[in-house]
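Have a look at the structure below before the remarks.
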Amino acid sequence: MATTATARPNTALTGSQSPEQLVALILSIPLFDGFGRSYRIHEQLAGLQAREADAAAAESRIAFEVWRAYKTVEAETNAVAARAELVKGHCRRPDAVPGRRHRHP
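Written out as structure tokens, the structure is:
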């Protein structure tokens, strides 16, 4: 009984057994594919560049939002400090003490 490349036993009608085996290797090499592979590569590269541009735009938006939030906090901190100075200065004035009236000349 011999075995072919399909791994099925092959029996002869005469009843004799053959010790031969058949092994086949088929190699297919395209000589010309109509530039299909080249087009697919260029398409993939264009997609990659588009995704990189999207990532760069998102990075810029995030950096701007962080900068804007920082500047808002900085401005509010300065405003609070300025108000605190005004309150300090107001409390030090003699006419700002409760119960004391300002004298008119």
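The numbering of the sequence shown is the working numbering, which starts it at 2 and goes up by one.
We treat Cβ as the ideally placed atom computed from N, Cα and C, and that holds for glycine.
Model, not experiment: these values are computed from the prediction.
Could you compute how far the alpha carbon of residue i sits from the alpha carbon of residue j?
{"i": "T78", "j": "Y71", "result": "10 Å"}
{"i": "I42", "j": "A54", "result": "18 Å"}
{"i": "R69", "j": "L32", "result": "58 Å"}
{"i": "S61", "j": "A51", "result": "15 Å"}
{"i": "A56", "j": "I63", "result": "11 Å"}
Excluding the 5 residues preceding and the 5 following residue i in the sequence, name in chain order all residues of the same chain whose CB lies nearer than 7 Å to its CB.
{"i": "S40", "result": "Looking at the sequence shown, residue 40 is not Ser but Tyr. Result list for Y40: empty, nothing under 7 Å."}
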